[in-house]
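Visitor: When we follow the UniProt record's numbering, the leftmost residue of the sequence shown carries the number 1, and every step to the right adds one. Ideal Cβ positions, reconstructed from N, Cα and C, are used throughout, including at glycine.
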Amino acid sequence: MITVNSLSGGKTSSYLAANYPAGHNIFALVRTNDKKCLFPDAKVRQIVSDKLGGVEFIGTLEEDMIVYTMLDLEQYIGQEIHWVTGQTFDEIILRGKKKYLPNVTQRFCTELLKIDPMFRWWKKIFTEPIEMRIGYRANEFIRKQEMLAKLSPNGYLTYRDIIGKSKNGKRNKWANIEWQKPEFPLINDGIFKDHIEEWWKDKPVRFALLNNCVGCFHRNPILLKFMSEKQSEKFQWFIDQEGCGYRTRTFKNGITYQHIKDHPMQMQFDYDDFDECDRGYCGL
């Protein structure tokens, strides 16, 4: 079975790529159309656009450093990383009639920004399911079990996609397509965070201090307040989405991002003051 490392730009999945070589490496980039979040280096913007097959890259709603992480990592491991992307975040929250924001109960951002472009890449290249290696560490057994609970009777993760048209050609025919078998090498080998942190200390790969979207709704309000100060332009994007009058929902239940930004910080924090429970994750 063909092996693929699923990369997020963090130290753990990068450790996976460096120490568990696979047939392919894949990274899904979250993009935005908002010029206020413009990636500052025009030359790198063009490099990223080229890696995405000519798709315009304006900026990302994760920290900009994640772009350098993936470029550094590709050089370090000496193997190509396939960059994929779908619609921009701006586009997916305007799609069709579903003009509402993703939240903890309706996490369509993970599906459309991460899973869908990976699936499209698989569908274009392969005809059989692949072994997808996931960078869960030894202490993340519950996340593994949550993913395994989604497997089909044949032991694969599925993705719902169009497989044709109805007889009259007016409607799409849909099916759940088996496309990947998840594997967890770091759990199998008992690899924890401290080992990964130590391993990267002398390596020429730059990392963002926090991964995932700056305004990820999984993050607690204290961390979001911190991000509103450290990544103000990107955090403003999330505020602006809640400010659109036709949307009836917020990213977090019972509180707006504008309120989080305006609330005074009672203490001074730094990145190291937040643990993994605070930081949020896409669920991949």
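#1: I need the straight-line Cα distance from asparagine 220 to valine 214, nearest angstrom please.
#2: Within 10 angstroms of its Cβ, does isoleucine 26 collect 16 or more other Cβ (buried), or is it exposed?
#3: Determine the direct distance from the alpha carbon of glutamine 241 to that of residue 318, and round the result to whole angstroms.
#4: Report all residues from its chain with a CB closer than 6 Å to the CB of aspartate 161; omit the five preceding and five following residues, and keep chain order.
#5: Need the endpoints of the alpha helix (DSSP H) that aspartate 240 sits in, please.
#6: Here's the rule: buried if 16 or more other CB atoms are within 10 angstroms of the residue's CB, otherwise exposed. What is phenylalanine 192?
#7: Given 8 Å as the limit, is there contact between the stretch 157-173 and the stretch 38-47, that is, 3 or more CB pairs closer than that?
#8: With distance defined between alpha-carbon atoms, name the residue in Lys165, Val104, Pro264 nearest to threonine 250.
#9: Which stretch, first to last residue, makes up the beta strand (DSSP E) that contains histidine 195?
#10: Sort out for me which residues DSSP pairs phenylalanine 27 with in a bridge.
#11: Considering only C-alpha positions, which residue in the set Gln180, Lys252, Gln258 is nearest to proline 129?
#12: CB-CB under 8 Å to leucine 52, same chain, minus the five flanking residues each way: which ones, in chain order?
#13: Suppose you measure from the CA of phenylalanine 119 to the CA of glutamate 111; what does that come to, to the nearest Å?
#14: Report the CB separation of leucine 16 from proline 185 in whole angstroms; it is logged as a contact under 8 Å.
#15: Which residues does DSSP list as the beta-bridge partners of tryptophan 174?
#16: Between the C-alpha atoms of arginine 206 and tyrosine 20, what's the straight-line distance to the nearest angstrom?
#17: For isoleucine 255, which beta-bridge partners are listed by DSSP?
#18: So, helix, strand or coil for glutamate 56, using DSSP?
#19: With a threshold of 6 Å on Cβ separation, who are the neighbours of glutamate 131 within its own chain once the five nearest residues in sequence on each side are excluded?
#20: Give me the Cα-Cα distance between residue 285 and methionine 227, rounded to the nearest whole angstrom.
#21: State the Cα-Cα distance for the pair isoleucine 77 and alanine 18, rounded to the nearest angstrom.
#22: Given a threshold of 16 other Cβ atoms within 10 Å of its Cβ, counted over all protein chains shown, does glutamate 140 qualify as buried or as exposed?
#23: Between the Cα of threonine 12 and the Cα atoms of Glu80, Arg133, Pro117, which residue gives the shortest distance?
#24: Across which residues does DSSP place leucine 157 in a beta bridge pair?
#25: State buried or exposed for glutamate 63, treating a residue as buried only when at least 16 other CB atoms are found within 10 Å of its CB.
#26: Compute the distance between the beta-carbons of isoleucine 92 and leucine 113, then report whether it is under 8 Å.
#27: Just the Cα atoms here: how many angstroms apart are proline 264 and asparagine 188?
#28: Thinking phenylalanine 126 and cysteine 109 are a contact (beta carbons under 8 Å), I'd like their distance in whole angstroms, please.
#29: Specify the secondary structure class of threonine 12 as computed by DSSP and reduced to three states.
Guide: Reading from the atomic positions:
#1: Residue 220 sits at position 220 when you count from the first residue of the sequence shown. Residue 214 sits at position 214 when you count from the first residue of the sequence shown. If I take the Cα positions, the gap works out to 12 Å.
#2: By one-based count along the sequence shown, residue 26 stands at place 26. Its Cβ being crowded by 16 or more others within 10 Å, isoleucine 26 is buried.
#3: The chain is shown only over 1 to 284; residue 318 falls outside these bounds and no answer can be derived.
#4: Within the sequence shown, residue 161 is the residue found at index 161, counting from 1. The answer, listed in chain order, is Ile177.
#5: Against the sequence shown, residue 240 aligns to sequence position 240. Element bounds for aspartate 240: 232-242.
#6: As a working note, residue 192 is residue 192 in the sequence shown. Label assigned to phenylalanine 192: exposed.
#7: no
#8: Walking along the sequence shown from the start, residue 250 turns up at place 250. Checked all of Lys165, Val104, Pro264; the closest Cα to threonine 250 is Val104.
#9: One-based indexing of the sequence shown puts residue 195 at position 195. Note, histidine 195: premise wrong, no beta strand (DSSP E); alpha helix (DSSP H) at 193-200.
#10: One-based indexing of the sequence shown puts residue 27 at position 27. DSSP lists Leu7, Trp83 as partners of phenylalanine 27.
#11: For this step, residue 129 is matched to residue 129 along the sequence shown. Closest option to proline 129, Cα to Cα, is Gln180.
#12: Position 52 of the sequence shown holds residue 52. Counting only Cβ-Cβ distances below 8 Å, and skipping sequence neighbours, we find Leu29, Trp83, Val84, Thr85.
#13: For the purposes of this step, residue 119 is identified with residue 119 of the sequence shown, where counting begins at 1. For the purposes of this step, residue 111 is identified with residue 111 of the sequence shown, where counting begins at 1. One C-alpha to the other measures close to 10 Å.
#14: The count along the sequence shown starts at 1 and reaches residue 16 at position 16. The count along the sequence shown starts at 1 and reaches residue 185 at position 185. The pair is a contact, with the Cβ atoms about 7 Å apart (cut-off 8 Å).
#15: By 1-based counting over the sequence shown, the position of residue 174 is 174. Answer is Ile162, bridged to tryptophan 174.
#16: Residue numbering aside, residue 206 sits at position 206 when the sequence shown is read from its first letter. Residue numbering aside, residue 20 sits at position 20 when the sequence shown is read from its first letter. Roughly 20 Å separates the two Cα atoms.
#17: Stepping through the sequence shown from its first residue, residue 255 is reached at position 255. Isoleucine 255 pairs with Lys252.
#18: The residue you call residue 56 lines up with position 56 of the sequence shown. Three-state result, glutamate 56: coil.
#19: In the sequence shown, counting from the first residue as 1, residue 131 sits at position 131. Contacts found: Met1, Thr3, Lys181, Glu183.
#20: Look at the range of the chain in this structure, 1 to 284, and you will see that residue 285 is not part of it.
#21: Reading the sequence shown from its first residue, position 77 is the one you call residue 77. Reading the sequence shown from its first residue, position 18 is the one you call residue 18. If I take the Cα positions, the gap works out to 6 Å.
#22: As a working mapping, residue 140 is identified with position 140 in the sequence shown. Glutamate 140 is buried by the Cβ-count criterion.
#23: Reading the sequence shown from its first residue, position 12 is the one you call residue 12. For threonine 12, the nearest C-alpha among the options comes from Arg133.
#24: As a first step, residue 157 is located in the sequence shown; it is residue number 157 there, counting from the start. Paired residue(s): Gln180.
#25: As a first step, residue 63 must be located in the sequence shown, where it is residue number 63. Counting Cβ neighbours within 10 Å, glutamate 63 comes out buried, since at least 16 surround it.
#26: One-based indexing of the sequence shown puts residue 92 at position 92. One-based indexing of the sequence shown puts residue 113 at position 113. Yes, these two residues count as a Cβ contact at 8 Å.
#27: As a first step, residue 264 is located in the sequence shown; it is residue number 264 there, counting from the start. As a first step, residue 188 is located in the sequence shown; it is residue number 188 there, counting from the start. Rounded to whole angstroms, proline 264 to asparagine 188 spans 44 Å at the Cα level.
#28: Translated into the one-based positions of the sequence shown, residue 126 becomes position 126. Translated into the one-based positions of the sequence shown, residue 109 becomes position 109. About 25 Å; that fails the 8 Å criterion.
#29: Counted from its first residue, the sequence shown places residue 12 at position 12. Correct three-state label for threonine 12: helix.
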